[in-house]
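So the structure is just underneath, and the comments pick up after that.
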Amino acid sequence: MNVTDRLKRITGEAQNPAGGKPSVDAKRAAVVSDLRRRIDAIMERRPQRAEPSPERVFPEGRARDIVEVIDGLLLENDRGACFVSDGVLLGKEQYGKTTVAEMTRFVMDHLALLARDQRLAGFDPADALFLDTETTGLSGGTGTTAFLIGLGWFEGSSMITRQIFLRDFSDEAAGLSLLREIVGEKGFLVTFNGKAFDVGLLSTRFVMNRIVDPFGDVPHLDLLFPSRRLLGHRLDNCRLGTLEEEILTFRRHGDVPGYEIPARYFEWLRRRDGELMRDVFEHNRLDLVSMAALAAHLSDLVDADRRDSREIEEDLLAAARLRLHRGDERGGQRMLEFIINDGSAGRTGTTVREAARELSLIHKRRGEWDEARGLWERMALQWPGDLFALEELAKWCEHRARDYGGAIELVERALDRDGMTQEERSALLHRRARLLRRCGRDQE
């Protein structure tokens, strides 16, 4: 068989001998040919692709450049140029329940606790750099660009904002160079979900533009995590918008939805109409102010030396538990004592009960039995049938006072209460049986 015959055989084009039985290859070729005819018929029925519609034409003067809409200027550096808009919020300006001046007074020890980074304790509020980005996509990745980088910091009782805008992607290197310069002048970062999104995205962009990443080992307080820990128990979610309305008592009006912002930027690239960006700049600016207000609120919330009860008691309990979890037992103890002893907090509330339980266990771990027993007795009196208090008092009577009769009486009181699980009841019955045996041995 020559080369031509071999090719015909492979492609199914070999002819059958006259009157011969069709070969397998011939059958395969027939099937392929039939499929081709069907595909061609379908393609012929498809409508032809329409010509792209001509680009929309705007009347002269309708599309306004960014410098005509946003107060700012073009800033040039050795990597190019970008648009920069600066703003000032005076200390007397009100934002929800707080003023800008009050935002500047957060305690650095408290921020160190929230960030779980003791390095923050050595800084001043003026060293904080608030950062928030608006991006071309909401999922991150190497193809996502931060086209608007919002920055904020304190000067005296005022807050300064600086927004770096990329008129197009060629401005990115200049914008990142400016960002790098500002980060180098500040001590630590404050973001909201920045560890998972903003900072990682910007670090990627620095690498892709061959600019040294300035973030490196910069201390970073991401407000999302302490917000969840301290406030999540009473919120549907911990989005920044929810925290604004429910915690900071601030409501935005006419705000552009976050999911719409990437499309706004791509429309800007097409139309070059600065009006498209007006709401985006305001959205970004309010995010920065919200972060400053939230940082101040969380700082106040974890204050272990408070003298008033402006905060909701459930939030104070969450703050006390945060201090305990972070190893600050003395600070957590002071907060628990405040919840228990502050008359305006509602001494019969569930929160006070939980605080008394937490505090009694601190005293128990330290061997401070008088203090622990006093709390258990108070709980048993204030909330009759409290299983935790009755059990702990029974243990104290058995192991510390050797008062087995008193321990049995407490167990009997606990068994009389309703709503116990089978496991709890079995444990109490086991304890009572053991106590009865011990009483019998002592009587012998």
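Going by this note's numbering, the final residue of the sequence shown carries number 444, and the count climbs one at a time with no gaps.
Every residue gets a Cβ at the ideal spot worked out from N, C-alpha and C, and that includes glycine.
Nothing here was measured: the structure is a model prediction, and the numbers come from that model.
Start and end of the beta strand (DSSP E) containing residue i?
{"i": "PHE154", "result": "146 to 155"}
{"i": "GLY87", "result": "80 to 89"}
{"i": "LEU74", "result": "73 to 77"}
{"i": "ASP222", "result": "220 to 222"}
{"i": "THR161", "result": "158 to 165"}
What number of angstroms, rounded off, separates the C-alpha of residue i from the C-alpha of residue j?
{"i": "ASP273", "j": "GLN118", "result": "46 Å"}
{"i": "ARG79", "j": "GLY200", "result": "22 Å"}
{"i": "PHE123", "j": "ALA320", "result": "24 Å"}
{"i": "ASP416", "j": "GLY254", "result": "59 Å"}
{"i": "LEU269", "j": "ALA263", "result": "10 Å"}
{"i": "PRO214", "j": "LEU75", "result": "20 Å"}
{"i": "GLY406", "j": "SER426", "result": "20 Å"}
{"i": "ASP386", "j": "CYS439", "result": "25 Å"}
{"i": "VAL69", "j": "PHE169", "result": "20 Å"}
{"i": "LEU113", "j": "ILE408", "result": "44 Å"}
{"i": "ASP328", "j": "LEU317", "result": "14 Å"}
{"i": "GLU102", "j": "SER309", "result": "18 Å"}
{"i": "ARG56", "j": "ARG271", "result": "Confidence is the limiting factor: at ARG56 the pLDDT is only 34, short of 50, which leaves the residue's position unreliable, though a coordinate-based value still follows. When rounded, the distance between both Cα atoms is 9 Å."}
{"i": "ARG373", "j": "GLU358", "result": "13 Å"}
{"i": "PHE192", "j": "ALA433", "result": "55 Å"}
{"i": "GLN94", "j": "VAL289", "result": "11 Å"}
{"i": "CYS238", "j": "LYS97", "result": "19 Å"}
{"i": "GLY137", "j": "THR145", "result": "8 Å"}
{"i": "THR82", "j": "LEU129", "result": "For clarity, residue 82 is Cys in the given sequence; the question names Thr instead. When rounded, the distance between both Cα atoms is 20 Å."}
{"i": "ARG445", "j": "LEU435", "result": "Lying outside 1 to 444, the shown extent of the chain, residue 445 is not represented and no answer is given."}
{"i": "GLU244", "j": "PHE250", "result": "5 Å"}
{"i": "SER177", "j": "ASN77", "result": "8 Å"}
{"i": "SER203", "j": "THR104", "result": "28 Å"}
{"i": "VAL302", "j": "GLY91", "result": "23 Å"}
{"i": "HIS297", "j": "ALA63", "result": "42 Å"}
{"i": "LEU336", "j": "ARG307", "result": "13 Å"}
{"i": "ARG116", "j": "ASP418", "result": "42 Å"}
{"i": "PRO59", "j": "HIS233", "result": "Here the model assigns PRO59 a pLDDT of 42, short of 50, so the residue's position is not dependable and the matter cannot be decided."}
{"i": "TRP383", "j": "SER227", "result": "31 Å"}
{"i": "GLU246", "j": "GLU282", "result": "21 Å"}
{"i": "PRO257", "j": "VAL352", "result": "40 Å"}
{"i": "MET108", "j": "TYR404", "result": "51 Å"}
Here's the rule I'm using: 16 or more other beta-carbon atoms within 10 Å means buried, otherwise exposed. How should residue i be labelled?
{"i": "ARG186", "result": "First, the amino acid is wrong: residue 186 is Lys here, not Arg. When all chains shown are included, LYS186 counts as buried."}
{"i": "PHE147", "result": "buried"}
{"i": "GLY150", "result": "buried"}
{"i": "THR421", "result": "exposed"}
{"i": "GLN163", "result": "buried"}
{"i": "TYR259", "result": "exposed"}
{"i": "TRP396", "result": "buried"}
{"i": "MET291", "result": "buried"}
{"i": "HIS430", "result": "exposed"}
{"i": "VAL280", "result": "buried"}
{"i": "ALA414", "result": "buried"}
{"i": "ALA174", "result": "buried"}
{"i": "ASN284", "result": "buried"}
{"i": "MET208", "result": "exposed"}
{"i": "PHE266", "result": "exposed"}
{"i": "GLU398", "result": "buried"}
{"i": "PRO219", "result": "buried"}
{"i": "THR455", "result": "Summary: the structure shown does not reach residue 455, with the chain confined to residues 1 through 444, and so no result is reported for it."}
{"i": "VAL3", "result": "Residue placement at VAL3 cannot be trusted, given a pLDDT of 45 that sits under 50; the coordinates are not used to answer."}
{"i": "TRP376", "result": "buried"}
{"i": "TRP153", "result": "buried"}
{"i": "THR142", "result": "exposed"}
{"i": "ALA196", "result": "exposed"}
Can you tell me where the alpha helix (DSSP H) with residue i in it begins and where it stops?
{"i": "VAL67", "result": "66 to 69"}
{"i": "LEU294", "result": "275 to 301"}
{"i": "MET335", "result": "329 to 341"}
{"i": "SER203", "result": "198 to 208"}
{"i": "PHE266", "result": "261 to 271"}
{"i": "LEU189", "result": "LEU189 -> not in any alpha helix (DSSP H); beta strand (DSSP E) instead, spanning 188 to 191."}
{"i": "VAL183", "result": "172 to 185"}
{"i": "ASP255", "result": "It is not in any alpha helix (DSSP H) - ASP255 carries neither H nor E in the DSSP assignment."}
{"i": "ARG307", "result": "Run containing ARG307: none; DSSP gives neither H nor E here."}
{"i": "LEU240", "result": "240 to 246"}
Assuming the contact rule is C-beta atoms closer than 8 Å, residue i and residue j should be a hit. Round their C-beta distance to whole Å, please.
{"i": "LEU89", "j": "SER158", "result": "6 Å"}
{"i": "ALA394", "j": "VAL411", "result": "5 Å"}
{"i": "ALA304", "j": "ARG323", "result": "6 Å"}
{"i": "LEU294", "j": "LEU223", "result": "5 Å"}
{"i": "SER299", "j": "PHE106", "result": "4 Å"}
{"i": "LEU111", "j": "LEU120", "result": "5 Å"}
{"i": "THR161", "j": "GLY87", "result": "4 Å"}
{"i": "ARG378", "j": "ALA356", "result": "7 Å"}
Inset, instruction - Identify every run of the alpha helix (DSSP H) within the stretch 351 to 417, keeping only runs that are complete inside it and at least 4 residues long; order them along the chain. - result: Listed in chain order, the alpha helix (DSSP H) elements of length 4 or more contained wholly in the stretch 351 to 417 are 369 to 382, 387 to 396, 404 to 415.
Inset, instruction - Would you list, in sequence order, the uninterrupted beta strand (DSSP E) runs of no fewer than 3 residues that lie entirely inside the stretch 94 to 151? - result: Within the stretch 94 to 151, the complete beta strand (DSSP E) segments at least 3 residues long are 128 to 135, listed from N- to C-terminus.
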